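*Asks:*
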Amino acid sequence: RRFLTSKEQFHAYLRARGQPGGQAGTEGEEEEGEEKKEEVGESEPPAKRVRLEDLSQDGESQEDAGTEEKEPTEKEPTEKEPTERKRARGQNKSRPCMKPNHYEQSRLCPSVTQGCAEKCYFGPRCRFLHDIGEYMATKPADLGRSCVLFETFGKCLYGVTCRFAQSHLGAGYQNIVNTDLAKQWEGKSLVRNNLSKDLQHQLRKRKFSFKKADEYLRGLAKPQSGGGKGGKAMGSSTEEQEVSNCTTPQEGLGDGLQCPVLPEQGEDPKPDALQSPSPTGGEETSTTKTVGPVTDEDMIKLRSCEKRKLEIQGKLYLAPLTTCGNLPFRRICKRFGADVTCGEMAVCTNLLQGQSSEWALLKRHHTEDIFGVQLEGAFPDTMTKCAELLNQTIEVDFVDINVGCPIDLVYKKGGGCALMTRSNKFEQIVRGMNSVLDVPLTVKIRTGVQEKINVAHKIIPKIREWGASMVTLHGRSREQRYTRGADWDYIAACAKIASPMPLFGNGDILSYEDADRAMQMGVSGIMIARQVLAGALIKPWLFTEIKEQRHWDISSSERFDILKDFTNYGLEHWGSDTQGVEKTRKFLLEWLSFLCRYIPVGLLEHLPQKINERPPYYMGRDYLETLMASQNVDDWIKISELLLGPVPANFTFLPKHKANSYR
1196 RRFLTSKEQF
1206 HAYLRARGQP
1216 GGQAGTEGEE
1226 EEGEEKKEEV
1236 GESEPPAKRV
1246 RLEDLSQDGE
1256 SQEDAGTEEK
1266 EPTEKEPTEK
1276 EPTERKRARG
1286 QNKSRPCMKP
1296 NHYEQSRLCP
1306 SVTQGCAEKC
1316 YFGPRCRFLH
1326 DIGEYMATKP
1336 ADLGRSCVLF
1346 ETFGKCLYGV
1356 TCRFAQSHLG
1366 AGYQNIVNTD
1376 LAKQWEGKSL
1386 VRNNLSKDLQ
1396 HQLRKRKFSF
1406 KKADEYLRGL
1416 AKPQSGGGKG
1426 GKAMGSSTEE
1436 QEVSNCTTPQ
1446 EGLGDGLQCP
1456 VLPEQGEDPK
1466 PDALQSPSPT
1476 GGEETSTTKT
1486 VGPVTDEDMI
1496 KLRSCEKRKL
1506 EIQGKLYLAP
1516 LTTCGNLPFR
1526 RICKRFGADV
1536 TCGEMAVCTN
1546 LLQGQSSEWA
1556 LLKRHHTEDI
1566 FGVQLEGAFP
1576 DTMTKCAELL
1586 NQTIEVDFVD
1596 INVGCPIDLV
1606 YKKGGGCALM
1616 TRSNKFEQIV
1626 RGMNSVLDVP
1636 LTVKIRTGVQ
1646 EKINVAHKII
1656 PKIREWGASM
1666 VTLHGRSREQ
1676 RYTRGADWDY
1686 IAACAKIASP
1696 MPLFGNGDIL
1706 SYEDADRAMQ
1716 MGVSGIMIAR
1726 QVLAGALIKP
1736 WLFTEIKEQR
1746 HWDISSSERF
1756 DILKDFTNYG
1766 LEHWGSDTQG
1776 VEKTRKFLLE
1786 WLSFLCRYIP
1796 VGLLEHLPQK
1806 INERPPYYMG
1816 RDYLETLMAS
1826 QNVDDWIKIS
1836 ELLLGPVPAN
1846 FTFLPKHKAN
1856 SYR
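Using the working numbering, you'd call the opening residue of the sequence shown number 1196 and step up by one each time.
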């Protein structure tokens, strides 16, 4: 109890930067400070702030904190009060744009950075600077004396634009290269699954060949009946199945394709449909040039029993985490003992359009030895084509279908959890993807859509029949989202039904005791994610705790070193120029919005920490530990400044994910 404190004392201590007299701040000073923070717009999110105020008044959380009447401010007009009351799920959708544009005004042309200014593609029309002296006159001050890229690889690709350039710039702004160190990395591919310009061009011009997918989709459409129904999925059960309407107009891809049949000869493919260039009618001709003799692999399709097996039973699986599950974060978790990693959820239509931002979610670091990607989609044509595209172009060990996403944007289009209620489309997607993939196909589902109506036990045997290699079950329904506890008794019952197909359990894993109890339920393994906004995001060293069967009372300096490693990995991945630094800062702040919920083991009255309990205000054992426990956005920004230097002018931040389920 000696660590307990009040809200006022907590923030006064942090404002005083940990000095002994910092706790003497008066209540009036605290209120004045809070008003200033609200004016600047850098305080805690509204829903979170209300709950913290409730907590400081009575010491316990209120279930309906959001329904409390609040004084309207400039940012929260009176007419928006009903919206504030409904802040019980989802994301902070109306958060301010955080993309810093100030550096775009005087940006150096990439051709100059790469040492070939005379080869600038745009010539005199280029809107970027070509004079290094002019650029250096306006460049912000360096953030540090050592560049992680130069120290690791012997060369910094960002040259003069690097925010740590003083460590590798010589006379005349020449970029210094450590040749001995650079030779060690020469020819090594550190990050795989990049989108090449040639592939992007093929996708944008709809010239990529989807031979296997088109064959499967034609099989769905062949037995046309008078009622306008399409054929059943290949080898499907006797359930009547509709042919896909492909995709909704909002997705902007394939909306002209009413049934998956290629156009007749002489017709141009519709602009919104991603078609195979091969003509139809008679025998299909392949545009791919073959070299050498024809082998059995060219003529004979792999049977499911001949596909590569996914041997991950008993391993620790880091779930695909939207926003926070980026490559630098996965490297952190891999270092702490994660066995299996998976990229963030990627939307199949965006991948088919060749969007660089979506393809970035598929990147794989060389340390990720068992790696998969997760796809989201609502229709057989786009999902099957996307599976074939990835099968031909990237290196993965498995492909996962997201049938657990609860957000409205995905659900209303028929994807995510909605597929659990659309069994015909679900079957066509699983069978189609399985027919074009050479790697195992896995599926992630929830218990159901409605809170008290579980349907997973009915769907799992069908998924096994359709050809999936593994199922992951999150023990909550869509309506629950991430609130309340996961139903592990139901997960155990589903694991028996799924046998012999492996079933991984997912939900409420925050300690090695939780993991041990989960494994005793009969599941093949556990997936560690954000359950109730926790798991790997709150304590990435959880993997080490599970493997070593101990509670790790990790110090604040050790946790700060983890953040330092994350920023170094981020600068490697996103770049050490201004744009890369700010992108690293953005993802660091998103992660800090979860990390602050960790309670040090040495401060707990009883072990382990409960996953959805919000503690009262407490002082850490040192200033840094107290700072890391703060729920205030300003303090998160302060931590980022310790690692990445001062933030740009007028910088604001609001986390993407709300803390509604963290009581």
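Glycine included, each C-beta is placed from N, C-alpha and C at the ideal position.
Keep in mind it's a predicted model, so treat the numbers as computed, not measured.
Measuring alpha carbon to alpha carbon, tell me which residue in H1561, D1709, A1681 and S1719 is nearest P1697.
*Replies:* Position 502 of the sequence shown, counted from the start, is the residue given in the question as residue 1697. It is S1719 whose Cα lies nearest to the Cα of P1697.
*Asks:* Please state whether the Cβ-Cβ distance between F1716 and A1693 is less than 8 Å.
*Replies:* In the sequence shown, the residue the question calls residue 1716 occupies position 521. In the sequence shown, the residue the question calls residue 1693 occupies position 498. Reading the sequence as shown, one finds Met at residue 1716 and not Phe. Their beta carbons are not under 8 Å apart, which means M1716 does not touch A1693 by this criterion.
*Asks:* Mapping DSSP to helix, strand and coil, what is E1777?
*Replies:* For this step, residue 1777 is matched to residue 582 along the sequence shown. E1777: helix per DSSP, three-state reduction.
*Asks:* Give me the Cβ distance between M1823 and S1750, rounded to the nearest whole Å; I'm assuming they're in contact under 8 Å.
*Replies:* The residue given as residue 1823 occupies position 628 in the sequence shown. The residue given as residue 1750 occupies position 555 in the sequence shown. That pair is no contact at about 11 Å.
*Asks:* Identify, in the order they occur along the chain, each residue of the same chain with its Cβ nearer than 7 Å to the Cβ of S1825, setting aside the five sequence neighbours on each side.
*Replies:* On the sequence shown, residue 1825 is found 630 positions in, with the first residue counted as 1. The answer, listed in chain order, is L1209 and C1791.
*Asks:* Would G1382 be called buried (16 or more neighbouring beta carbons within 10 Å of its own) or exposed?
*Replies:* Walking along the sequence shown from the start, residue 1382 turns up at place 187. When all chains shown are included, G1382 counts as exposed.
*Asks:* Could you spell out the range, first to last residue, of the beta strand (DSSP E) harbouring F1593?
*Replies:* Looking up residue 1593 in the sequence shown gives position 398. Where F1593 is concerned, the enclosing beta strand (DSSP E) stretches over F1593 to V1598.
*Asks:* Who are the near neighbours of K1759 in its chain, counting only those whose CB is closer than 8 Å to its CB and skipping five residues on each side?
*Replies:* Reading the sequence shown from its first residue, position 564 is the one you call residue 1759. So the qualifying residues of the chain are L1838.
*Asks:* Is A1366 buried or exposed, if buried means 16 or more other CB atoms sit within 10 Å of its CB?
*Replies:* In the sequence shown, counting from the first residue as 1, residue 1366 sits at position 171. Exposed: under 16 other Cβ atoms inside 10 Å.
*Asks:* DSSP three-state call for F1323: helix, strand or coil?
*Replies:* Taking the sequence shown and counting its residues from 1, one reaches residue 1323 at position 128. Three-state result, F1323: coil.
*Asks:* Give me the Cα-Cα distance between S1551 and N1388, rounded to the nearest whole angstrom.
*Replies:* Here residue 1551 refers to the residue found at position 356 of the sequence shown. Here residue 1388 refers to the residue found at position 193 of the sequence shown. Rounded to whole angstroms, S1551 to N1388 spans 12 Å at the Cα level.
*Asks:* Compare the C-alpha of F1621 against each of G1599, P1635 and V1634 and name the closest.
*Replies:* To locate residue 1621, count along the sequence shown from 1; it is residue 426. With distances taken between Cα atoms, F1621 lies closest to G1599.
*Asks:* Below 8 Å CB to CB, which residues in the same chain sit around T1637 once its five sequence neighbours on both sides are set aside?
*Replies:* Along the sequence shown, one-based indexing puts residue 1637 at 442. The answer, listed in chain order, is L1505, G1567, F1593, V1594, D1595, I1596, A1663, S1664, M1665, V1666 and T1667.
*Asks:* Consult DSSP for Y1208 and reduce its assignment to one of helix, strand or coil.
*Replies:* Reading the sequence shown from its first residue, position 13 is the one you call residue 1208. Y1208: helix per DSSP, three-state reduction.
*Asks:* Would you kindly work out how many angstroms separate the C-alpha atoms of Q1726 and L1737, rounded to a whole number?
*Replies:* On the sequence shown, residue 1726 is found 531 positions in, with the first residue counted as 1. On the sequence shown, residue 1737 is found 542 positions in, with the first residue counted as 1. Unreliable positioning characterises Q1726 in this predicted model, as indicated by a pLDDT of 44, which lies under 50. The coordinate reading is nonetheless provided below. Straight through space, the alpha carbons of L1737 and Q1726 are spaced by roughly 13 Å.
*Asks:* Sorted by chain position, which residues of the same chain lie with C-beta nearer than 6 Å to S1706's C-beta, five sequence neighbours on each side aside?
*Replies:* Counted from its first residue, the sequence shown places residue 1706 at position 511. Spatial neighbours of S1706 in its own chain (CB-CB distance under 6 Å, excluding positions within 5 residues in sequence) are listed in chain order as P1803.
*Asks:* Check whether the Cβ atoms of C1528 and P1335 sit closer than 8 Å, and answer yes or no.
*Replies:* The residue labelled residue 1528 in the question sits at position 333 within the sequence shown. The residue labelled residue 1335 in the question sits at position 140 within the sequence shown. Contact: no.
*Asks:* Rounding to the nearest angstrom, what Cα-Cα distance links D1684 and M1714 in this structure?
*Replies:* Along the sequence shown, one-based indexing puts residue 1684 at 489. Along the sequence shown, one-based indexing puts residue 1714 at 519. So the alpha carbons of these two residues sit roughly 12 Å apart.
*Asks:* Would you check if the stretch 1766 to 1779 and the stretch 1393 to 1401 touch, i.e. whether three or more CB-CB distances between them fall below 8 Å?
*Replies:* no
*Asks:* Can you find the residues in the same chain that come closer than 7 Å, C-beta to C-beta, to T1762, ignoring five residues on each side of it along the sequence?
*Replies:* Here residue 1762 is taken as the residue at index 567 of the sequence shown, counted from 1. So the list reads T1779, L1783, L1838 and L1839, once near-sequence residues are dropped.
*Asks:* Per the DSSP calculation, T1667 is bridged to which residue(s)?
*Replies:* Sequence index remark: in the sequence shown, residue 1667 carries index 472 (1-based). Answer by DSSP bridge pairing, in chain order: K1639 and F1699.
*Asks:* Going by CA-CA distance only, name the one from A1690, E1674 and G1670 that's closest to D1703.
*Replies:* Translated into positions along the sequence shown, residue 1703 becomes position 508. Among A1690, E1674 and G1670, the Cα nearest to that of D1703 is on G1670.
*Asks:* Can you tell me whether G1310 is buried or exposed, with buried defined as 16 or more other CB within 10 angstroms of its CB?
*Replies:* Position 115 of the sequence shown, counting from 1, holds the residue named residue 1310. By the neighbour-count rule (16 or more Cβ atoms within 10 Å), G1310 is not buried but exposed.
*Asks:* Alpha carbon to alpha carbon, what distance is there between I1624 and R1322?
*Replies:* Against the sequence shown, residue 1322 aligns to sequence position 127. Against the sequence shown, residue 1624 aligns to sequence position 429. So the alpha carbons of these two residues sit roughly 46 Å apart.
*Asks:* Just list the residues that DSSP pairs I1507 with in beta bridges.
*Replies:* Your numbering for residue 1507 matches position 312 in the sequence shown. Note: I1507 sits in no beta bridge, so no partner.
*Asks:* S1630: buried (16+ other C-beta within 10 angstroms of its C-beta) or exposed?
*Replies:* To locate residue 1630, count along the sequence shown from 1; it is residue 435. Buried is the call here.
*Asks:* For E1660, which option in T1642, N1649, P1695 and C1357 has the closest C-alpha, if you only look at C-alpha atoms?
*Replies:* To locate residue 1660, count along the sequence shown from 1; it is residue 465. It is P1695.
*Asks:* Based on Cα-Cα distance, which residue from Q1361, N1370, G1349 and V1355 lies nearest to W1380?
*Replies:* Locating residue 1380 in the sequence shown gives position 185, where the first residue counts as 1. The residue with the shortest Cα to Cα distance from W1380 is G1349.
*Asks:* Check each candidate in C1689, H1746 and Q1675 and name the one with the smallest Cα separation from A1710.
*Replies:* Start at 1 with the first residue of the sequence shown, and residue 1710 comes out as number 515. Of the candidates C1689, H1746 and Q1675, the one whose C-alpha sits nearest the C-alpha of A1710 is H1746.
*Asks:* Quick one: is H1396 near chain C, going by C-beta distance under 8 Å?
*Replies:* Structure shown: chain C not included; a single protein chain is present.
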